[in-house]
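Single-structure report; data block below.
Number of protein chains: 2
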Amino acid sequence: MTNTVKPVNVGVVGAGTVGGGTIRILATNADRISERAVPVKVRRIADRRVEVAQALCDELGLDTIVSDDWNDLITDPEIDIVVELVGGKGLARTIVATALKSGKCVVTANKDLIAAYGDELFAIAAEHGTELCFEASVAGGIPIIQVLRESLVGNNFVKIAGILNGTTNYILTKMSEDGLDFATALKMAQELGYAEADPTNDVEGFDAARKVAIMASLAYGCFVSDDKVVVEGISKITAEDIAAAKELGCAIKLLGVARLAEGKLTAQVYPALLDAAHPLAAVRDSYNAVFVHGDAVEKLMLQGRGAGSLPTGSAVVGDIVSAARNIRLGCVGRVACRFDKQLSVLTADAEQGCYFVRLQGADAAVREALVAAGIAVAELRAAANGELLLLTGDMPKTELASALTALIEKQAICGCGTLIRIEKDEN
Amino acid sequence: MTNTVKPVNVGVVGAGTVGGGTIRILATNADRISERAVPVKVRRIADRRVEVAQALCDELGLDTIVSDDWNDLITDPEIDIVVELVGGKGLARTIVATALKSGKCVVTANKDLIAAYGDELFAIAAEHGTELCFEASVAGGIPIIQVLRESLVGNNFVKIAGILNGTTNYILTKMSEDGLDFATALKMAQELGYAEADPTNDVEGFDAARKVAIMASLAYGCFVSDDKVVVEGISKITAEDIAAAKELGCAIKLLGVARLAEGKLTAQVYPALLDAAHPLAAVRDSYNAVFVHGDAVEKLMLQGRGAGSLPTGSAVVGDIVSAARNIRLGCVGRVACRFDKQLSVLTADAEQGCYFVRLQGADAAVREALVAAGIAVAELRAAANGELLLLTGDMPKTELASALTALIEKQAICGCGTLIRIEKDEN
Chain B
1 MTNTVKPVNV GVVGAGTVGG GTIRILATNA DRISERAVPV KVRRIADRRV EVAQALCDEL
61 GLDTIVSDDW NDLITDPEID IVVELVGGKG LARTIVATAL KSGKCVVTAN KDLIAAYGDE
121 LFAIAAEHGT ELCFEASVAG GIPIIQVLRE SLVGNNFVKI AGILNGTTNY ILTKMSEDGL
181 DFATALKMAQ ELGYAEADPT NDVEGFDAAR KVAIMASLAY GCFVSDDKVV VEGISKITAE
241 DIAAAKELGC AIKLLGVARL AEGKLTAQVY PALLDAAHPL AAVRDSYNAV FVHGDAVEKL
301 MLQGRGAGSL PTGSAVVGDI VSAARNIRLG CVGRVACRFD KQLSVLTADA EQGCYFVRLQ
361 GADAAVREAL VAAGIAVAEL RAAANGELLL LTGDMPKTEL ASALTALIEK QAICGCGTLI
421 RIEKDEN
Chain Y
1001 MTNTVKPVNV GVVGAGTVGG GTIRILATNA DRISERAVPV KVRRIADRRV EVAQALCDEL
1061 GLDTIVSDDW NDLITDPEID IVVELVGGKG LARTIVATAL KSGKCVVTAN KDLIAAYGDE
1121 LFAIAAEHGT ELCFEASVAG GIPIIQVLRE SLVGNNFVKI AGILNGTTNY ILTKMSEDGL
1181 DFATALKMAQ ELGYAEADPT NDVEGFDAAR KVAIMASLAY GCFVSDDKVV VEGISKITAE
1241 DIAAAKELGC AIKLLGVARL AEGKLTAQVY PALLDAAHPL AAVRDSYNAV FVHGDAVEKL
1301 MLQGRGAGSL PTGSAVVGDI VSAARNIRLG CVGRVACRFD KQLSVLTADA EQGCYFVRLQ
1361 GADAAVREAL VAAGIAVAEL RAAANGELLL LTGDMPKTEL ASALTALIEK QAICGCGTLI
1421 RIEKDEN
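Protein chains in written order, with the numbering used here: chain B, 1 to 427; chain Y, 1001 to 1427.
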């Protein structure tokens, strides 16, 4: 690099998977970044494993200063941008807040932090005339944050629905394509390193909930913390549910959905029945995707790697370069994050939708029994295995669940499968 | 709108399909735009059909000044941004150059103009300290330009491949899903208003070529005008070609592809054979999509509406708001367009790839005959109708075509189908 322009200096806290990818991209594609925007230099790295960070710098030929204390980045007046990649909500919160208060721009990939304390941290950034960038916090390499905040700024968002967790999408893909049950597919995901030993966070939808919370907050201008998201995972989904969905020409996907209707904001994670022609239905393996329905853009979908060292690093580097451009041009805070709206967030009890469920042991008279029990029957179809497949009209899920329980008690049906939300997006 | 901040003033030239959509979005979503960014006002519209433009303003309750002379926008010192939506390369070139020279930011949806004169126009913008935005020139509502220039700034682009023309994608979808031949599917597209009376521009790939030229220029930093793009359309694709592709578990899509390999830039439009699992294979009807392979982000795909009043208007409005933010913060020209690289662009003669072709009247000895003719045979498979399906290894298309012609003359085969490029993107 023969560029004589003074670089923008970056300090990275945490040289793990994403930190390593970020540093690697900044080093190996330095010329490209410099040509396209401004030179960016990794001036400091803070990581408890100093030797790991130092080895990376040696491999990449970087003269970066490595230490085990993140405060070294804050106190270094040459550092323009602090990149927080330690994760979690404890130390990370302190690092981000301290860096912002010291007037440095901050880039983070930390969904837990933004979903819990985004309102507080964006306010600190605004107060100190700096900015907090978080592209990598949702869907890894997919640039959904910039697209929502900038490209689609002219849209009212009808709905945002995403496949936001690669582990569960891998499990559902294996269940669908290879006919596996949940436990077997989960085990494969664990063997491949997609799922952790305790898979709760992924399979019960908590990871996706954080990403929905962030997208809902951005799209609707009202901060939604992840504890407000109504969450249902995929651990109850059976091979039979998926086989029945396929008989209907549909796929089951774990979706994170944000919606605004009649002044009420919905932020949910649930397994959904999608027509095979829906773009989200074709998203396979561990890929992530975000489907946006805007009143101007209509239907838009972005699909890509939701995790991984380099894909997530790509998003972090995009943010670093954006902040670097703003620093150079004196327009830090160019795209503000405001959460001024007061919107009520729908609770689980108020959840309403159309549902799909398999019914066992039902005879010809079941339609009347279902209707008598208060179920909005939209369609009843016989499956190849003798079960009946019920598709309901719009109704509260709680009412459907209790009506089915009552029908089982009355022996009108022997049993039923998992209640799965039907996701409709007319083309 | 109770906002007391002085708005950024926009002048729109051309209140047709895209212009109408743009003005409509700016009017109906004015509050949203103002809350998220800065207030934007449509101060002037220039259109020859003054009464049409005036009727739109009346409908939307706008106090916009309507005239039939675009010079009124240039000479109005209150106008900050000129939006060129007249199309074509004649008057539009004059309008854009004049506006830039007068120091105004320009937003355009004009692919013909950018693909032909982008280098000249971006240089004028840089010289006059202003900016030229063109998101809507490629793939309508899909924000691929911002994604390439900003979100993915840290990537070296291995390849960019797009379904960039909705008309041809609609035709190919109908041929594939309903078994129609090209002529019938084209007629349907014409009846629906997707295809024009003279469909050459769409079906022969010239429209897609302009979009490839723009993306190649951005991705590789070397201006590629559309006359450098090697173009092949879909008019030779038959129902038999598509049926054979389906037998192989593949789809045929018209792709615009930009690639950089061994210092040579490839910019092409061709019908391609895609594995059904490829994300581009699932893009149906008149939808557009752009698949990006970056060395950091890996595989990313964006899919959405490639045309239409509001989707394209959404992209124009995104650019207007971006320029408005820059004007307010004094950072106009924040993301520069530079074409400093000198790269040689591959010509049609040098085109090389793996190909798929149906062979008629071939017997068991054909493999030897094919090999003897210099064809790199990767796979030969019997189709249900008795034809042989040939999949080649990497070879020049011209050599394959002449070898097949020679084999037909020698009566080693009776005939063959269309030569279709095999598009490989390992997952």
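Yeah, the Cβ is synthetic: ideal placement off N, Cα and C, and Gly gets one too.
{"Asked": "Chain Y within 8 Å of C331 (chain B), Cβ atoms only", "Found": "yes"}
{"Asked": "Per-residue contacts from A37 (chain B) into chain Y (C-beta, under 7 Å)", "Found": "V1153"}
{"Asked": "Cβ-Cβ distance between A139 (chain B) and L172 (chain B) below 8 Å", "Found": "no"}
{"Asked": "E1298 (chain Y): first and last residue of the uninterrupted beta strand (DSSP E) it sits in", "Found": "E1298 to R1305"}
{"Asked": "Closer than 8 Å to chain B by CB, A1277 (chain Y)", "Found": "yes"}
{"Asked": "Interfacial residues, the segment 300-316 of chain B to chain Y, with Cβ spacing under 8 Å", "Found": "L300, M301, L302, Q303, G304, R305, G308, L310, P311, G313, S314 and A315"}
{"Asked": "Which residues DSSP lists as bridging Q1352 (chain Y), in chain order", "Found": "Y:P1396"}
{"Asked": "Chain Y within 8 Å of N156 (chain B), Cβ atoms only", "Found": "yes"}
{"Asked": "Distance between G1263 (chain Y) and L73 (chain B) (C-alpha atoms, nearest Å)", "Found": "39 Å"}
{"Asked": "Residue nearest to K253 (chain B) in terms of C-alpha spacing, selected from B:L265, B:Y194 and B:A276", "Found": "B:A276"}
{"Asked": "Distance CB(R1048 (chain Y))-CB(L1273 (chain Y)) smaller than 8 Å", "Found": "no"}
{"Asked": "Enclosing beta strand (DSSP E) for T1130 (chain Y) [first to last residue]", "Found": "Premise fails: T1130 (chain Y) is in no beta strand (DSSP E) and is neither H nor E."}
{"Asked": "Exposure label - V1371 (chain Y); buried when at least 16 CB within 10 Å", "Found": "exposed"}
{"Asked": "Any chain Y beta carbon closer than 8 Å to E298 (chain B)", "Found": "yes"}
{"Asked": "Min CB distance A216 (chain B) to chain Y below 8 Å", "Found": "no"}
{"Asked": "Within-8 Å CB hit, Q1268 (chain Y) to chain B", "Found": "no"}
{"Asked": "Amino acids of chain B, ordered along the chain, whose beta-carbon sits closer than 7 Å to that of S1322 (chain Y)", "Found": "E150"}
{"Asked": "Closest residue to H128 (chain B) among B:C331, B:S344, B:K104 and B:E135 (Cα-Cα distance)", "Found": "B:K104"}
{"Asked": "Alpha-carbon spacing of A1219 (chain Y) relative to L302 (chain B), whole angstroms", "Found": "19 Å"}
{"Asked": "Secondary structure, alpha helix (DSSP H): runs of 4+ residues fully inside the segment 1041-1094 of chain Y", "Found": "1050-1060 and 1071-1075"}
{"Asked": "Contact with chain Y by V52 (chain B), beta-carbon distance below 8 Å", "Found": "no"}
{"Asked": "Contacts of P1007 (chain Y) in chain B (Cβ-Cβ under 9 Å)", "Found": "Within 9 Å Cβ-Cβ: nothing; P1007 (chain Y) doesn't reach chain B, min ~15 Å."}
{"Asked": "Length-filtered (4 minimum) alpha helix (DSSP H) runs lying within the segment 357-388 of chain B", "Found": "366-372"}
{"Asked": "Best match in Y:H1293, Y:T1398, Y:A1307 and Y:A1185 for proximity to A1161 (chain Y) [C-alpha to C-alpha]", "Found": "Y:H1293"}
{"Asked": "I1408 (chain Y) versus A1378 (chain Y) - alpha carbon distance", "Found": "20 Å"}
{"Asked": "Touching by the beta-carbon criterion (3+ pairs, under 8 Å), the segment 87-102 of chain B and the segment 318-329 of chain B", "Found": "no"}
{"Asked": "Cβ neighbour criterion (16 or more within 10 Å) applied to V1005 (chain Y)", "Found": "exposed"}
{"Asked": "Closer than 9 Å at the beta carbon, the chain Y residues around Q146 (chain B)", "Found": "P1143, Q1146, V1147, E1150 and S1151"}
{"Asked": "DSSP-derived helix/strand/coil call for Y270 (chain B)", "Found": "strand"}
{"Asked": "Cβ contact check for the segment 1043-1059 of chain Y and the segment 1331-1345 of chain Y: 3 or more pairs under 8 Å", "Found": "no"}
{"Asked": "Residue range of the unbroken alpha helix (DSSP H) whose run includes K1159 (chain Y)", "Found": "Element bounds for K1159 (chain Y): not the alpha helix (DSSP H) but the beta strand (DSSP E), F1157 to I1163."}
{"Asked": "Candidates B:A115, B:T22 and B:L62: closest to V82 (chain B) by CA position", "Found": "B:T22"}
{"Asked": "Interface flag, R43 (chain B) vs chain Y, CB-CB below 8 Å", "Found": "no"}
{"Asked": "Reduced DSSP secondary structure (H/G/I, E/B, other) of N1110 (chain Y)", "Found": "coil"}
{"Asked": "Under the three-state DSSP convention, the category R284 (chain B) falls into", "Found": "coil"}
{"Asked": "Straight-line gap, V1283 (chain Y) to Y1170 (chain Y) (C-alpha atoms, nearest Å)", "Found": "10 Å"}
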